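To start, the structure itself, in structure tokens.
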Amino acid sequence: MSNISMEKTVDDSEKPLFGGLMVESTDQNQEIVLSLPRVKYWDHFDLLQYQRFWCPSVFIHGIIAFQKHFQALDSDIMLITFPKSGTTWLKALVYTIVNRSRHGLESSPLLSINPHELVPFIDAHLYTQNQSPDLEDFPTPRIFATHMPYASLPLSILNTNCRIIYLCRNPLDQFISEWHFFHRVQHTQTTSTHSLDEVFEKICQGIQSFGPYWEHILGFWKASLEQPNKILFLKYEDLKEDNVLYIKKIADFLGCPFSEEEVIQGVVEEMSKFCSFENMKNLEVNKSGRMMGHGPEYNIYFRKGEVGDWKNYLTPQMSECLEKLMEEKLDGSSLTFKK
Ligand code: PAP
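Following this line, the structure appears as structure tokens:
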């Protein structure tokens, strides 16, 4: 990996990309962070090789604090995704399913609050802003999100009955979605560009936020086979193909199945329409708001919402290369993706 630098300084220009203030690190954490291999990624942050994954430098202190201090409750729900695999959508769906007896769709908080605020990233938001965030006030069940790989989750998540819903996406669309996202974020802050080829080469080496992608997927896939009652493993393409079926599966998994009456009344179909790309994208809050007030604009979380958009960007050589790589890495797992 030629472009890994062992530079041991922290770049003062790193900004809290997703809004909010960053926590002060302890001397001990700072020492750990300075010893990690570092690569340049996008302009506003580097990646640090931490516990077998590439951690965005802007989140490292929040991630360490989360690992050290988070105490999961049996009733907690963790939404875990590889970035750009439909996190925003999953947050809206689970929030709506779980809170359906509190608010009907016509009075849903999602009409005026972006899913990322209702279901925060626990490491990148809560523990990045404060080493001991107050988590008491979250309504039960608490719903949190993270992009962390299975092997690096805090032990209390694994040792309690807290449930995990994992969502991933075909790697070709994931890559294109991430590339667009960082371009959009970057263009609002700097003028430099990163070519598709340049970023593609990196991801094929496993160098991307929370990558390697294949390790992330395999970690949750294997764990979900061993503990199907704890981990529900989902794919973006399946959710697109039969959203109603998967809304029911999520509700069953979380122990709040839809009643026969709800099904007859069409509650599930209504929920699916409410959380759809078209509906969410056109809500005023998602057109004009920003992550935590001054992070990325929310509209960049709603780009196209399709399966197969990679065909508009990748050459046949690139798609074949990435597909072959994923096949090799996922060999023997029986995991495949629709494209
Ligand atoms: P995150 O992991 O950084 O939070 P995430 O929400 O996973 O981001 O990624 C956004 C992707 O989900 C976008 O995909 P695209 O670039 O291929 O278009 C976005 O369009 C898609 N997305 C957001 N909301 C929905 C939705 N309600 N239904 C389907 N796709 C959605």
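Residues in the sequence shown are numbered consecutively from -17, following my numbering.
Backbone N, C-alpha and C define an ideal beta-carbon position, used for all residues, glycine too.
Quick caveat, the model's predicted, so the values are computed rather than measured.
When you compare only the Cα positions, how much space is there between residue i and residue j?
{"i": "L227", "j": "D25", "result": "41 Å"}
{"i": "F202", "j": "F35", "result": "14 Å"}
{"i": "T69", "j": "L75", "result": "10 Å"}
{"i": "S315", "j": "S89", "result": "43 Å"}
{"i": "E(-4)", "j": "A106", "result": "The predicted model places E(-4) with a pLDDT of 47, which falls under 50 and marks its position as unreliable; any figure quoted below should be read in that light. If I take the Cα positions, the gap works out to 14 Å."}
{"i": "V96", "j": "I104", "result": "Reading off the sequence shown, one finds Asn at residue 96, where the question assumed Val. C-alpha separation (whole angstroms): 16 Å."}
{"i": "N11", "j": "V181", "result": "29 Å"}
{"i": "E160", "j": "P194", "result": "14 Å"}
{"i": "H129", "j": "W71", "result": "14 Å"}
{"i": "S254", "j": "Q247", "result": "14 Å"}
{"i": "T173", "j": "S39", "result": "Caution applies to T173, whose pLDDT of 47 falls short of 50 and renders its modelled position unreliable; the value that the coordinates give is listed next. Each residue's alpha carbon lies about 21 Å from the other."}
{"i": "G275", "j": "E223", "result": "34 Å"}
{"i": "M300", "j": "E208", "result": "34 Å"}
{"i": "L3", "j": "E99", "result": "For L3, the predicted structure reports a pLDDT of 45, less than 50, and the residue's modelled location is therefore unreliable. A value from the coordinates is still provided. So the alpha carbons of these two residues sit roughly 16 Å apart."}
{"i": "T297", "j": "V167", "result": "24 Å"}
{"i": "F259", "j": "S94", "result": "16 Å"}
{"i": "L117", "j": "F64", "result": "24 Å"}
{"i": "F126", "j": "V101", "result": "5 Å"}
{"i": "G237", "j": "D155", "result": "31 Å"}
{"i": "N264", "j": "K286", "result": "12 Å"}
{"i": "K212", "j": "A205", "result": "9 Å"}
{"i": "L16", "j": "Q190", "result": "19 Å"}
{"i": "S241", "j": "R272", "result": "37 Å"}
{"i": "E302", "j": "K50", "result": "41 Å"}
{"i": "L200", "j": "G188", "result": "13 Å"}
{"i": "T318", "j": "K293", "result": "18 Å"}
{"i": "E13", "j": "D28", "result": "17 Å"}
{"i": "E243", "j": "E288", "result": "32 Å"}
{"i": "M(-12)", "j": "C37", "result": "With a pLDDT of 38 at M(-12), under the threshold of 50, the modelled position of this residue cannot be trusted, and the question is left open."}
Closest to residue i by CA distance: which of the options is it?
{"i": "P91", "options": "K73, A106 and I104", "result": "K73"}
{"i": "I62", "options": "Y218, D313, F120 and E243", "result": "Y218"}
{"i": "E266", "options": "N281, S114, G275 and C257", "result": "N281"}
{"i": "I45", "options": "H176, V101, K66 and Q113", "result": "Q113"}
{"i": "E278", "options": "H165, E288, E260 and Y195", "result": "The sequence shown places Pro at residue 278, rather than the Glu named in the question. Checked all of H165, E288, E260 and Y195; the closest Cα to P278 is H165."}
{"i": "L30", "options": "Q49, I147, F192 and D116", "result": "F192"}
{"i": "A47", "options": "L93, V101 and P115", "result": "P115"}
{"i": "L307", "options": "A127, E118, C150 and E183", "result": "E183"}
{"i": "H176", "options": "F163, G188 and Q187", "result": "F163"}
{"i": "I146", "options": "A54, Q33 and Q111", "result": "A54"}
{"i": "P131", "options": "H85, V289 and E197", "result": "E197"}
{"i": "F52", "options": "E252, L200 and T110", "result": "T110"}
What do you reckon, is the C-beta of residue i under 7 Å from a heavy atom of the ligand PAP?
{"i": "S159", "result": "yes"}
{"i": "G287", "result": "yes"}
{"i": "K269", "result": "no"}
{"i": "K204", "result": "no"}
{"i": "W71", "result": "yes"}
{"i": "F284", "result": "yes"}
{"i": "P65", "result": "yes"}
{"i": "G68", "result": "yes"}
{"i": "S90", "result": "no"}
{"i": "W259", "result": "Note that residue 259 is Phe in the sequence shown here, rather than Trp. Answer for F259: yes, Cβ within range of the ligand PAP."}
{"i": "M262", "result": "yes"}
{"i": "A74", "result": "yes"}
{"i": "L220", "result": "The question names Leu, but residue 220 is Asp in the sequence shown. No."}
{"i": "F162", "result": "Before going on, a small fix: residue 162 reads as His here, not Phe. Yes - the ligand PAP has a heavy atom lying nearer than 7 Å to the Cβ of H162."}
{"i": "D155", "result": "yes"}
{"i": "D291", "result": "yes"}
Taking the Cβ atom as the reference point for each residue, do residue i and residue j lie within a distance shorter than 8 Å?
{"i": "D291", "j": "I185", "result": "no"}
{"i": "Y148", "j": "L214", "result": "yes"}
{"i": "Y295", "j": "L178", "result": "yes"}
{"i": "S67", "j": "C150", "result": "yes"}
{"i": "K311", "j": "N152", "result": "no"}
{"i": "F256", "j": "L108", "result": "no"}
{"i": "I229", "j": "V250", "result": "yes"}
Could you check whether the Cβ of residue i sits closer than 8 Å to any Cβ belonging to chain D?
{"i": "G271", "result": "You won't find chain D in this structure, because it holds only one protein chain."}
Could you say if the segment 221 to 235 and the segment 76 to 91 meet the contact criterion of at least three C-beta pairs nearer than 8 Å?
-> yes
For the segment 118 to 134 and the segment 14 to 21, state whether three or more C-beta atom pairs, one from each stretch, are separated by less than 8 Å.
-> no
Inspect the CB distances between the segment 138 to 148 and the segment 47 to 63 and report whether three or more fall short of 8 Å.
-> yes
Would the segment 258 to 276 and the segment 126 to 135 be scored as touching if the rule is three or more Cβ pairs under 8 Å?
-> no
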